[in-house]
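In this note's numbering, the protein residues as written are 22 to 340.
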């Protein structure tokens, strides 16, 4: 239960004493519950392991760029409940990024150029609301000549380049949804896609999913009440990218951020970036247990209406 989950990471319930043989520094770390859920201790361990493995054994010493893609609210429900649809959308995005780098490096096709891409799917927003979005780390350039690989760094992208990339992604995803019959030619919702068996067979999970995306409570005495105000819709077909900052644009309810880059020699910065995008949904530092079996979640940023934290019952928190 939640009480057992919150005991993880407390030294009184077991710990390891670690010592560096080189410098003599010592550190105590609490045992992990070794589950695949959202325990902060376990997600923190997996975050560190993923970052170290990728930097030490997988990613070559070349420059990198992060791409963050978020989706319109109706599409978030579809992506979370339909694995097949998510894979198709993910392929559209990675193929679009490959085309983006082909344009920026201007390498001939016969060289078979490829950008290396590692992606992470984050399922939650900072308020624990369900918000599937994708973080991708791509080599900021392309490897080519397969028999003896070489690397060509891409020229720095401009807002115009990001506009082309975002337009390509949104148009292809919307075309996919229209082809499947989920949207009409004007972008209006026609039908929901097929859901995975988990969401068809367990109505409560499906209800909690829909409520979380909309920022509402699904069950209990507060059922139907909003936790956070959200919008909805896919925008309009004739919409053009709107830039919120450098290399950060929105269009048709989609958003794309590509301003973060890492130099080839900055391996520490690369590891920090991977740790950030591989993090768990929340940290213990932002979570507090209140009297009356309630949970307080401190928000990362103050809402426009002045809200600084959310308060939920234990069941609402799990939901």
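Glycine included, C-beta positions come from ideal geometry on N, C-alpha and C.
Straight-line CA distance for residue i to residue j?
i, j, result
"residue 159", "residue 195", "24 Å"
"residue 203", "residue 102", "14 Å"
"residue 233", "residue 278", "24 Å"
"residue 46", "residue 40", "6 Å"
"residue 268", "residue 298", "19 Å"
"residue 292", "residue 107", "27 Å"
"residue 339", "residue 300", "18 Å"
"residue 91", "residue 191", "11 Å"
"residue 73", "residue 205", "45 Å"
"residue 77", "residue 285", "14 Å"
"residue 317", "residue 332", "5 Å"
"residue 283", "residue 266", "19 Å"
"residue 152", "residue 240", "19 Å"
"residue 238", "residue 229", "8 Å"
"residue 105", "residue 199", "16 Å"
"residue 250", "residue 100", "Since pLDDT at residue 250 reaches only 31, below the 50 mark, its modelled position is unreliable, and the value read off the structure follows with that caveat. Answer to the nearest angstrom: the Cα atoms are 21 Å apart."
"residue 280", "residue 162", "15 Å"
"residue 144", "residue 88", "16 Å"
"residue 275", "residue 157", "15 Å"
"residue 311", "residue 114", "42 Å"
"residue 306", "residue 98", "29 Å"
"residue 223", "residue 235", "19 Å"
"residue 336", "residue 287", "43 Å"
"residue 325", "residue 147", "15 Å"
"residue 227", "residue 244", "15 Å"
"residue 294", "residue 49", "25 Å"
"residue 119", "residue 290", "23 Å"
Report the three-state DSSP secondary structure of residue i (helix, strand or coil).
i, result
"residue 180", "helix"
"residue 42", "coil"
"residue 235", "coil"
"residue 96", "helix"
"residue 120", "helix"
"residue 47", "strand"
"residue 107", "helix"
"residue 200", "helix"
"residue 267", "coil"
"residue 215", "coil"
"residue 275", "strand"
"residue 240", "coil"
According to the Cβ coordinates, are residue i and residue j closer than 8 Å?
i, j, result
"residue 242", "residue 149", "no"
"residue 111", "residue 186", "no"
"residue 37", "residue 109", "no"
"residue 225", "residue 68", "no"
"residue 270", "residue 155", "no"
"residue 176", "residue 125", "yes"
"residue 167", "residue 133", "yes"
"residue 180", "residue 264", "yes"
Under the assumption that residue i contacts residue j (Cβ atoms under 8 Å), give the Cβ distance between them as a whole number of angstroms.
i, j, result
"residue 188", "residue 262", "6 Å"
"residue 61", "residue 304", "6 Å"
"residue 320", "residue 329", "6 Å"
"residue 165", "residue 219", "Residue 165 to residue 219, Cβ: 42 Å. No contact."
"residue 35", "residue 51", "7 Å"
"residue 173", "residue 117", "The Cβ separation is near 19 Å, so there is no contact."
"residue 139", "residue 75", "7 Å"
For this session: Give, in chain order, every unbroken run of the beta strand (DSSP E) that is at least 3 residues long and sits entirely within the region 280 to 328.
Result: 308 to 311, 315 to 319
Exercise. What are the start and end residues of each continuous beta strand (DSSP E) run of 3 or more residues lying completely inside the region 124 to 175, in chain order?
Worked result: 138 to 145, 151 to 160, 162 to 165, 171 to 174
Problem set entry | Any beta strand (DSSP E) of 3 or more consecutive residues that is wholly inside the region 60 to 92 | 85 to 91
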